[in-house]
Amino acid sequence: MTSKSVWTADAAAGNLVRVLKQARESGPQEIQDETGVYVLKAVGKNSKDDVASSLLKLRPKQKP
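Residue numbers for the sequence shown follow UniProt numbering, so the first one is 1 and each next one is one higher.
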């Protein structure tokens, strides 16, 4: 089976199980629609945040 990494939103919606499986087995999948490109990436249940996410959590909260 060939690995597709770029999907239209309609194709991804119609093939959600396949998109999820390929994200797990082949890496991130791009889903494109008229508003932009979205990347679906599978992460393990016990995966840790990347450095950028960790730093963002530690930043001072802005007042409204």
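By construction, the Cβ of each residue, glycine as well, lies at the ideal position given by its N, Cα and C atoms.
This one's a predicted model, so the numbers in the text were calculated from it and none came from an experiment.
Exercise for the section: Output the boundary residues of the beta strand (DSSP E) element that contains G36. Expected result: 36-40
Exercise for the section: Provide the residue span of the beta strand (DSSP E) that contains D33, from first to last. Expected result: 29-33
Handout entry: Nearest-angstrom beta carbon gap, S54 and Q29 [assumed within contact, 8 Å]
Key = Rounded, the Cβ-Cβ distance is 25 Å, inconsistent with contact.
Practice task
Specify the secondary structure class of V17 as computed by DSSP and reduced to three states.
Solution key: helix
Problem - Alpha carbon of V39 to alpha carbon of I31, nearest angstrom - result: 6 Å
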